[in-house]
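Here is the structure we will look at, set down as structure tokens.
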């Protein structure tokens, strides 16, 4: 490659990244899925687009896409709280296995009977489109600042992170069948699925533990540790895939193990990972947008549109209904989970398998997958926030510091950090001195930043609107400290009082005690002796999360907080609307 050509290529790549990021700002204001913007920018730069760039290398696209997915899944695993597994592990596993198989079958049946495709080709299309995409789900939730009930969010996140192995196995099996004209024996498929899952879980756990030990022992600076983390994730993905197990599952679990350790350097790793995850999403969707040729898509447009609407309105809802049947999810949550079965980059990358394997009509699979993803992002991605609010699944955002600064070089049994909290007129700390705040966790007041000046603790300043309050505390106490210092401030789309009500009660109170204090009206006598905690657990089959609510007589009672064992600590009470 000549120097001028190399410089031109670098210029084009930089230009596309800048355009994508700036277009993402506009898309947020319009409520459009940001991933859709990246995909469209790639298409506009491609063969039929404004720049007319010619890119037809599925090998390069597959390589970049795989690395990008590793980074995204690793980041998603690191940000998954273990409490989410308590409420959503088995429902998510059911969706990732039974749901994927059902989706594949229903989509294939539609393709056979409506478009007269052979079963091998139809099943291959179904396999390619059978998994939801972690990049799409994580990206849209984050870009729209959507906070939904933990049971629903956890189910979707764990499903998205764990259903790729099943989809990859089905796609490889159907690709082999389409190429050879015959299917593998069922017991080979079952054995392959078992090894993919078991091998991926084992490699991910071992890799996560090994990284934690290395991070504590190696004398690495903060600049190198995040790079070591992502390099290790890429290496484990490749090694696990080489052993025939699920590399995607391995990096997701590795991220989970690392993210839930108490490494003092974790905040630095997460900050770097956040940027890398976004860069990966942009690169992946740009490359896939460049690879598609819109003029060629027209040939298979009727098949793609038919499959897309079947997937969104028939296959996904049925798969969710069957998969979640044993878990008694409320109907609102089932509807939302059905609607948020987004298809993103994963199906397009899986559609490269037939292309790379030389299967006949390779364009069919790629073009159909591309159109389905496009329709999914437009219809489903654009409506996630409105549907969540319509189904009353949005909950107030969890209070947290605006900035976290770890004190990793300080030798301490607990990870110490400095946190900053911007104060506005609705913040509980506003117009109070530090000693007047009733914190239930140990925290040390570091001072206040006001108009650029540091007001030291010795001056005992009254916290005012516009100040930034600084405290030092251990990571384990972040929720308790933030509950007082950050709740109700800027960025809170829903107020606590509006959502939970004006009154707060303990979860161990009986319903009879509730009715004696508040005008509850007619209450079923059979539940009067039950505690609020027991009544909620009975109704929600022991999977209670913050935001769950029940109508008790004339009152609406909403779960406000849970303790570490999953029991209800506090509820909010307000009159039934």
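In our numbering, the protein residues as written are 19 to 595. By construction, the Cβ of each residue, glycine as well, lies at the ideal position given by its N, Cα and C atoms. This structure is a prediction, so every number in the text was calculated from the model and none was measured.
If you draw a straight line from the alpha carbon of residue 362 to that of residue 379, how long is it in whole angstroms? 22 Å
Would residue 317 be called buried (16 or more neighbouring beta carbons within 10 Å of its own) or exposed? Only exposed fits residue 317, as fewer than 16 other CB atoms lie within 10 angstroms of its CB.
Where residue 104 sits in the DSSP three-state scheme: helix
Straight-line Cα distance separating residue 186 from residue 273: 20 Å
Does the distance from the C-beta atom of residue 330 to that of residue 394 stay below 9 Å? yes
Which partner residues of residue 137 appear in the DSSP bridge assignment? Answer is none; residue 137 lacks a bridge partner.
Limits of the beta strand (DSSP E) - the one that residue 557 falls within: Counting along the chain, residue 557 falls outside any beta strand (DSSP E), though it belongs to the alpha helix (DSSP H) covering 550-557.
Since residue 88 and residue 275 should fall inside the 8 Å C-beta cutoff, what is the C-beta to C-beta distance between them, to a whole number of angstroms? Residue 88 to residue 275, Cβ: 16 Å. No contact.
Look at the alpha carbon of residue 72 and the alpha carbon of residue 64, and state the distance between them as a whole number of angstroms. 6 Å
So, residue 94 versus residue 383, is the Cβ gap smaller than 9 Å? no
Touching by the beta-carbon criterion (3+ pairs, under 8 Å), the segment 247-266 and the segment 212-227: Contact between the segment 247-266 and the segment 212-227 is established, with three or more Cβ pairs separated by less than 8 Å.
Exposed or buried, which one is residue 33 when buried takes at least 16 other CB atoms within 10 Å? exposed
Minimum length 4: unbroken alpha helix (DSSP H) runs contained in the segment 302-335: 312-315 and 319-328
Inspect the CB distances between the segment 286-296 and the segment 241-252 and report whether three or more fall short of 8 Å. yes
Can you tell me which of 150, 60, 69 and 171 puts its alpha carbon nearest to the alpha carbon of residue 403? Selected option, being the one with the closest Cα: 171.
Residue 324 versus residue 215: straight-line alpha-carbon distance, rounded: 32 Å
Kindly indicate which residue of 280, 104 and 258 has the alpha-carbon position closest to the one of residue 234. 280
Run of the alpha helix (DSSP H) containing residue 531, from where it starts to where it stops: For residue 531, the uninterrupted alpha helix (DSSP H) segment begins and ends at 529-535.
Give me, in chain order, the residues of the same chain whose beta-carbon lies closer than 8 Å to that of residue 541; leave out the 5 immediate sequence neighbours on both sides. 529, 533, 570 and 571
Would you decide whether residue 291 is buried or exposed? Buried here means 16 or more other CB atoms lie within 10 Å of its CB. buried
State the Cα-Cα distance for the pair residue 333 and residue 150, rounded to the nearest angstrom. 12 Å
Would DSSP call residue 490 helix, strand or coil? In the displayed model, residue 490 falls within a strand according to three-state DSSP.
If residue 594 sits next to residue 573, beta carbons under 8 Å apart, how far is it from one beta carbon to the other, in whole angstroms? 6 Å
Note down, in chain order, each residue of its chain lying with its Cβ closer than 7 Å to the Cβ of residue 210, except the 5 sequence neighbours on either side. 187
Report yes if the CB atom of residue 166 is closer than 9 Å to the CB atom of residue 354, and no otherwise. yes
Which listed residue (168, 59, 117 and 108) has its alpha carbon closest to that of residue 562: 168
State buried or exposed for residue 451, treating a residue as buried only when at least 16 other CB atoms are found within 10 Å of its CB. With fewer than 16 Cβ atoms within 10 Å of its Cβ, residue 451 is classed as exposed.
Span of the beta strand (DSSP E) holding residue 452? Premise fails: residue 452 is in no beta strand (DSSP E) and is neither H nor E.
Looking at the structure shown, is residue 420 part of a helix, part of a strand, or coil, going by DSSP? Correct three-state label for residue 420: coil.
Short Cβ contact (9 Å threshold) for residue 488 with residue 282: no
Which residues in the same chain as residue 105 place their Cβ atom closer than 7 Å to its Cβ, once the five residues preceding and following it in sequence are excluded? Within the same chain, 168, 169, 172, 561 and 563 come within 7 Å of residue 105 by CB-CB distance, once the 5 residues on both sides are set aside.
Taking only the alpha-carbon atoms, compute the straight-line gap between residue 229 and residue 240 and give it to the nearest angstrom. 15 Å
Distance CB(residue 467)-CB(residue 438) smaller than 9 Å: Yes, the Cβ-Cβ distance between residue 467 and residue 438 is below 9 Å.
For residue 374, count neighbouring C-beta atoms within 10 Å of its own C-beta (all shown protein chains included) and say buried if the count is 16 or more, exposed if not. exposed
Output the distance between the C-alpha atoms of residue 36 and residue 364, rounded to the nearest integer angstrom. Roughly 24 Å separates the two Cα atoms.
Spatial neighbours of residue 339 within its chain, please: C-beta separation below 7 Å, excluding the five flanking residues on both sides. 352
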